[in-house]
Amino acid sequence: MNELFRILVLPGDGIGPEVMEQAVRVLKQVSVQAGAHLELEYALAGGCAIDAHGTPLLDETMERARTSHAVLFGSVGGPKWEGLGFDLRPEIAILRLRKELNLFANLRPATLFAPLIEASTLKPEVIRGLDLMIVRECAGGLYFGEPRGIETLADGSKRGYNTETYSTEEIERVGRVAFTLARSRRNEVCSVEKANVTESGLVWREVMTELHKREFADVKLRHMYADNCAMQLVRAPKQFDVIVTGNMFGDILSDLASMLTGSLGMLPSATIGATKTAQSHDQTRFNPAVYEPIHGSAPDIAGKGIANPMAQILSVAMMLRLSLGMPKEAALVEQACIEALADGARTPDLGGNFTTSQVGDAVLTRLEQLAVVST
Ligand code: NAD
Ligand code: IPM
Ligand code: MN
């Protein structure tokens, strides 16, 4: 392999830079082992970009994202910037990347790694072997619907409002990602909404039903209300293969699902656009996608060196697989993470006492050993 990949690295705020440092060490080592050439470009995003440039994401950074092979994103936000208006907040950095790169499907795999079976707050028999994929629509819904705003009423009190909208096209494109992924897994999709109370949910259910009938009748489809889904995820999470849902429900249900795997610090994600599924990465891999842990900047532990870097490292694995055409290396990174966890390399969120960089060290050690075995 003699390719040059340009990766835009946006560490962000809080624990973002701490976990990113470890993920980049892993990325560099795996690319050396594979003989791939990486050019890593760093830029500010989120609160640190507001402090330096007065905006959460410079247009210039957006342009660099467009011309990269992939974007590796850390996390943004924190109490320092909480008072700002919505168009100025750190979180705009990630929302803008998703929207302007036309990335509408956020893949959030909740996989229980065997060494962590005792780390979850759920009973071992409930989670043993868990392997579920949440496909979260991430370019529409309540996050972007218009009208939105805050108005002051005649009596001086306020009214905040947002709009949940989903069109046929928006539902079909994320539905296709979910059905296609299911075909390479256990062939089951559970579509989640609130069709019992919202028009957007009703349209979502109808469009998913039609799409299934027309293009994916070989895949098993069922529908579930989001409140029931939250309950079922805790009661019997192994009933799910692929869950497809809208932006807000996907955000909430994926944080919930992360705890099935031991910690929010374990869940990576890939935010992808048209036809960029596990099967088709080869044709489209030069469309930039964003790889990001699902957690935030964790202000309560930032600066202590104890953040779990696994979600960020596993996001690198997703990038290797989906954007860089390096599935073998992706699997090596995942295996190295599992082995490091089995060795006891765990931060406090997993009940361990390793620091962030010690976990990085352990993953790198395992990666080196695996490389020797696989060559
Ligand atoms: P959070 O995800 O930052 O933290 C929630 C809890 O989980 C905290 O107790 C935190 O310490 C813990 N946690 C999160 N990641 C961890 C890790 N890797 N290792 C160990 N523990 C971890 O959510 P929050 O506190 O609600 O939000 C903090 C800020 O992050 C807010 O400004 C929010 O908007 C932002 N945020 C950003 C992103 C992103 O950039 N992608 C995602 C979610 C939240
Ligand atoms: C996530 C985060 C973001 C979201 C925020 C930071 C905008 O919570 O990626 O899960 O809500 O999508
Ligand atoms: Mn979230």
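Take the sequence shown: its position 155, counting from 1, is numbered 157 in my numbering, and each next residue is one higher.
Every residue gets a Cβ at the ideal spot worked out from N, C-alpha and C, and that includes glycine.
- [ ] Report back the beta-carbon spacing between GLY87 and LEU114 to the nearest angstrom; my notes put them in contact at under 8 Å.
- [x] Actually they do not touch by this definition, with Cβ atoms about 40 Å apart.
Open item on the list: Does the segment 244-252 come into contact with the segment 188-201, if we say contact requires no fewer than three beta-carbon pairs (one atom in each stretch) closer than 8 Å?
Closed with: Verdict: yes, contact present.
TODO: Report the three-state DSSP secondary structure of PHE146 (helix, strand or coil).
DONE: It is coil, neither helix nor strand.
Open item on the list: As a quick exercise: from GLU212, GLY151 and ILE136, pick the residue whose alpha carbon is nearest that of GLU171.
Closed with: When GLU212, GLY151 and ILE136 are compared, the shortest CA-CA separation from GLU171 is found for GLU212.
Task: Length of the line joining the Cα atoms of CYS339 and THR349 - done: Approximately 13 Å, taken between the alpha carbons.
Task: Cβ contact (3+ pairs, closer than 8 Å) linking the segment 247-263 and the segment 31-49 - done: Because the criterion of three Cβ pairs below 8 Å is not met, the segment 247-263 and the segment 31-49 do not touch.
TODO: Tell me where the alpha helix (DSSP H) around GLU195 begins and ends.
DONE: For GLU195, there is no enclosing alpha helix (DSSP H); the residue is found in the beta strand (DSSP E) stretching over 190-195.
- [ ] Could you tell me the distance, in whole angstroms, from the CA atom of VAL26 to the CA atom of ILE315?
- [x] Each residue's Cα considered, the two are about 8 Å apart.
- [ ] Count the other C-beta atoms from every protein chain shown that fall within 10 angstroms of the C-beta of PRO111, then say buried if there are 16 or more, exposed otherwise.
- [x] When all chains shown are included, PRO111 counts as buried.
TODO: Look at ALA47 and THR63 and say whether their C-beta atoms are less than 8 Å apart.
DONE: In contact: ALA47 and THR63 (Cβ atoms closer than 8 Å).
Open item on the list: Just to confirm my understanding: we take ASP284, look at its own chain, exclude 5 residues before and 5 after, and list those with CB closer than 8 Å. What are they?
Closed with: Since pLDDT at ASP284 reaches only 47, below the 50 mark, its modelled position is unreliable, and the value read off the structure follows with that caveat. Hits under 8 Å: GLY327.
Task: Whole-angstrom distance between ALA319 and THR367, CA atom to CA atom - done: Whole-angstrom Cα-Cα distance: 16 Å.
Task: Proximal residues to GLN360 (C-beta, below 7 Å), its chain only, five neighbours per side dropped - done: Only ALA347 meet the Cβ criterion.
Task: Three-state secondary structure (DSSP) of ILE152 - done: In this structure, ILE152 counts as strand in the three-state DSSP scheme.
TODO: Say yes only if the C-beta of GLY354 is nearer than 7 Å to one or more non-hydrogen atoms of ligand 1, and no if none qualify.
DONE: Using a cutoff of 7 Å, the CB of GLY354 does not count as near ligand 1, since none of the ligand's heavy atoms is closer than that.
- [ ] Say whether the segment 293-312 touches the segment 10-28, bearing in mind that this needs 3 or more beta-carbon pairs closer than 8 Å, one atom from each stretch.
- [x] Segment contact: the segment 293-312 against the segment 10-28, three or more CB-CB distances shorter than 8 Å; contact assigned.
Task: Nearest residue (CA-CA) to GLU127, options MET268, ARG91 and PRO239 - done: Here the closest residue by C-alpha is PRO239.
Open item on the list: Using a 10 Å radius around the Cβ and a threshold of 16 neighbouring Cβ atoms, would you call GLY162 buried or exposed?
Closed with: Label assigned to GLY162: exposed.
Open item on the list: For the structure I just gave you, are there three or more beta carbon pairs, one from the segment 289-298 and one from the segment 330-339, closer than 8 Å?
Closed with: Result no; under three Cβ-Cβ pairs closer than 8 Å.
- [ ] Kindly list the residues whose CB is nearer than 6 Å to the CB of MET210, restricted to its own chain and excluding five residues on each side of it in sequence; keep chain order.
- [x] GLY177 and SER193.
Open item on the list: Suppose contacts are defined by Cβ-Cβ distances below 8 Å. Is ALA219 in contact with TRP206 by that definition?
Closed with: No; because the gap between Cβ atoms is not below 8 Å, this pair is not in contact.
Open item on the list: Would THR358 and VAL73 qualify as a contact pair, given that the criterion is a beta-carbon distance under 8 Å?
Closed with: The criterion of a C-beta distance shorter than 8 Å is not satisfied by THR358 and VAL73.
Task: Alpha-carbon spacing of SER169 relative to ASP15, whole angstroms - done: Going by the C-alpha atoms only, they are around 34 Å apart.
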